[in-house]
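Numbering (the working numbering), first residue to last: 1 to 434. C-beta: ideal position from N, C-alpha, C; glycine also.
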């Protein structure tokens, strides 16, 4: 397809390009961030609406997720098949996703078809059909996924940890809903979920590619100008309730899955960059991380052990995961606990800090490898209130973390006594102890 060739050709170009961001405000007052590149007649557009599946009421869990899956199943005067044919004929591509914090829409379109493609996208935002046959079809797909999740140890661990940490807050539930709630969702529920999320008071937009600020301003008003000013009220923040210990979820499998975590650090915390560098040292994904070295390389207890910061909109956690044979899980848990304690009490070395900085600063430019990836990064920057110059200053913020600062923050954020393990399987020598 022409669009695929365009994207492939563009990736190498944008990976080397200087990212120059312009803030655009449409005549109708809609703001967006733009990176112009007229070398190829192609544009990526990223829309995000804050709130996500957390806007669902308890009895309607899964409504936003199901609604998002229906957006391409017909809009305006076109039913599902007609809409799909029209989109294919324009060599355009739309993708929709719903997480606990956001509903995102990614669009790719050729310059020659931009107006027609944007019109198709507009219809999903303002004239959804939610035909009953499409609803029944997509609902069935969601229910199949939910049944599959019931047999997936990783999903089971995630839900068990979330329920413990967040209780009846939306973060404590599956954004996809349950079989019971999804089964009872109606066509009207889809319209209600659509109205709740698609509003201008929670909208973030970025565009990358062959479009000028003036052209983008017109497109924004045509595409988004008819959206209502406000949507449903946002849920409030929550302090995670995570107590140290272990929860065992019985599951018949020779290899157990462990999800571990503690209270985390917010994205706007002044110590966030130090915490980010520290996590790279502890378990950020490279084979040189402490967890990978101690749990995998030295002892052969797992194929991989990882940790990661999770600064969501309404709560922050610090999480990690690994899998191990049932007869090795207890030892692996003990090693992770020791490493969590060690970094809290002893900090890190100058060599570790330098290596982490080198990795993080070297890997960052590789993220900017195409229009769509750049558009996604720009929207995330807006949502985190990072400023237009963040792309240029981010690596300097990483480099500025000193050893003294890193070790101060390590003592502050790592909480061995508050580290909780949720283990799905039949691990030997471990019992629920929370």
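Local conformation of residue 96 per DSSP, three classes: Start at 1 with the first residue of the chain shown, and residue 96 comes out as number 96. Of the three classes helix, strand and coil, the one that applies to residue 96 here is strand, per DSSP.
Distance CB(residue 154)-CB(residue 259) smaller than 9 Å: Reading the chain shown from its first residue, position 154 is the one you call residue 154. Reading the chain shown from its first residue, position 259 is the one you call residue 259. Against a cut-off of 9 Å, the Cβ pair of residue 259 and residue 154 comes out as a contact.
Other residues of its chain near residue 139: CB distance less than 8 Å, five sequence neighbours each side excluded: Taking the chain shown and counting its residues from 1, the one referred to as residue 139 is at position 139. Here the set comprises 66, 182, 183, 185.
Assigned secondary structure, residue 67 (DSSP; H/G/I helix, E/B strand, else coil): To locate residue 67, count along the chain shown from 1; it is residue 67. Residue 67: helix per DSSP, three-state reduction.
Residue environment, residue 392, which counts as buried when at least 16 other CB atoms sit within 10 Å: Reading the chain shown from its first residue, position 392 is the one you call residue 392. Classification for residue 392: exposed.
Beta carbon of residue 22 nearer than 9 Å to that of residue 213: Mapped onto the chain shown, residue 22 falls at position 22. Mapped onto the chain shown, residue 213 falls at position 213. Closer than 9 Å, so yes.
Counted within 10 angstroms of its Cβ, other Cβ atoms place residue 419 as buried (16 or more) or exposed: The residue you call residue 419 lines up with position 419 of the chain shown. Buried: at least 16 other Cβ atoms inside 10 Å.
The stretch 255-273 in contact with the stretch 290-301 per 3-pair CB rule at 8 Å: no
Coarse secondary structure for residue 51, derived from DSSP in three states: Residue mapping note: residue 51 aligns to position 51 of the chain shown, counting from 1. Here residue 51 sits in coil by DSSP.
Three-state class that DSSP yields for residue 248 in the structure shown: Here the question's residue 248 lines up with position 248 in the chain shown. Strand at residue 248.
Terminal residues of the alpha helix (DSSP H) in which residue 403 lies: On the chain shown, residue 403 is found 403 positions in, with the first residue counted as 1. Where residue 403 is concerned, the enclosing alpha helix (DSSP H) stretches over 403-413.
Residue 104 - DSSP class collapsed to helix/strand/coil: Looking up residue 104 in the chain shown gives position 104. It is a strand residue.
The ligand COA heavy atom lying under 8 Å from the CB of residue 316: Although the ligand COA was asked about, the structure shown includes no ligands whatsoever.
Segment contact flag, the stretch 198-212 with the stretch 30-40, C-beta cutoff 8 Å, min 3 pairs: yes
Own chain, CB closer than 7 Å to residue 114, minus 5 neighbours either side, in chain order: Taking the chain shown and counting its residues from 1, one reaches residue 114 at position 114. So the qualifying residues of the chain are 43.
For residue 18, three-class secondary structure by DSSP: Here residue 18 corresponds to residue number 18 of the chain shown, with the count starting at 1. It is coil, neither helix nor strand.
CA nearest to the CA of residue 178, picked from 368, 215, 64, 103: Translated into positions along the chain shown, residue 178 becomes position 178. Comparing Cα positions, the closest option is 64.
Spatial neighbours of residue 124 in its chain, beta-carbon cut-off 7 Å, leaving aside the 5 residues before and after: Numbered from its first residue, the chain shown carries residue 124 at position 124. For residue 124, where only same-chain residues beyond five positions count, the Cβ hits under 7 Å are 71, 72, 75.
Selected residue, minimal CA-CA separation from residue 262, among 252, 211, 230, 316: Reading the chain shown from its first residue, position 262 is the one you call residue 262. With distances taken between Cα atoms, residue 262 lies closest to 316.
Any 3 or more C-beta pairs closer than 8 Å across the stretch 281-288 and the stretch 352-368: yes
Buried or exposed by the 16-neighbour rule on C-beta atoms within 10 Å, applied to residue 136: If you number the chain shown from 1, residue 136 lands on position 136. It is exposed - the Cβ of residue 136 has fewer than 16 other Cβ atoms within 10 Å.
Those residues which DSSP pairs with residue 281 across a bridge: Here residue 281 refers to the residue found at position 281 of the chain shown. DSSP output for residue 281 lists no bridge partner at all.
Test item: CB-CB of residue 436 and residue 231 under 9 Å: Any answer about residue 436 is impossible in this case: the structure gives the chain only from 1 up to 434.
Residue 174 burial status per 10 Å Cβ neighbour count (16 or more: buried): Within the chain shown, the letter at position 174 stands for residue 174. Classification for residue 174: buried.
Candidates 287, 336, 406, of which the one nearest residue 350 by Cα: For this step, residue 350 is matched to residue 350 along the chain shown. Nearest of 287, 336, 406 to residue 350, Cα basis: 406.
Residues bridged to residue 310 [DSSP beta-bridge criterion]: Taking the chain shown and counting its residues from 1, the one referred to as residue 310 is at position 310. Answer by DSSP bridge pairing, in chain order: 317.
Assigned exposure category for residue 4 - 16 Cβ within 10 Å defines buried: Counting from 1 along the chain shown, the entry for residue 4 is found at position 4. For residue 4, the pLDDT reaches just 41, beneath the cut-off of 50, and the residue's location in the model is therefore unreliable, although a value from the coordinates is still provided. Looking at its Cβ environment, which holds fewer than 16 other Cβ atoms inside 10 Å, residue 4 is exposed.
Nonlocal neighbours in the same chain, by C-beta distance under 7 Å from residue 359, ignoring five residues either side: As a working mapping, residue 359 is identified with position 359 in the chain shown. Cβ within range, chain order: 280, 286.
Counted within 10 angstroms of its Cβ, other Cβ atoms place residue 277 as buried (16 or more) or exposed: One-based indexing of the chain shown puts residue 277 at position 277. Classification for residue 277: buried.
DSSP-derived helix/strand/coil call for residue 374: Position 374 of the chain shown, counted from the first residue, corresponds to residue 374. Helix, per DSSP.
Neighbourhood of residue 411 by C-beta, 8 Å cutoff - its chain only, sequence neighbours within 5 removed: Mapped onto the chain shown, residue 411 falls at position 411. Contacts found: 344, 345, 347.
Beta strand (DSSP E) runs wholly inside the stretch 110-165, at least 3 long, in chain order: none
Distance CB(residue 361)-CB(residue 246) smaller than 9 Å: Sequence index remark: in the chain shown, residue 361 carries index 361 (1-based). Sequence index remark: in the chain shown, residue 246 carries index 246 (1-based). No; because the gap between Cβ atoms is not below 9 Å, this pair is not in contact.
Assigned secondary structure, residue 257 (DSSP; H/G/I helix, E/B strand, else coil): Walking along the chain shown from the start, residue 257 turns up at place 257. DSSP places residue 257 in strand when its eight states are reduced to three.
Cβ neighbours of residue 414 in the same chain (closer than 7 Å, five flanking residues each side left out): Position 414 of the chain shown, counted from the start, is the residue given in the question as residue 414. Hits under 7 Å: 340, 343, 344.
Spatial neighbours of residue 54 in its chain, beta-carbon cut-off 6 Å, leaving aside the 5 residues before and after: Indexing the chain shown from 1 puts residue 54 at position 54. Contacts found: 100, 170, 235.
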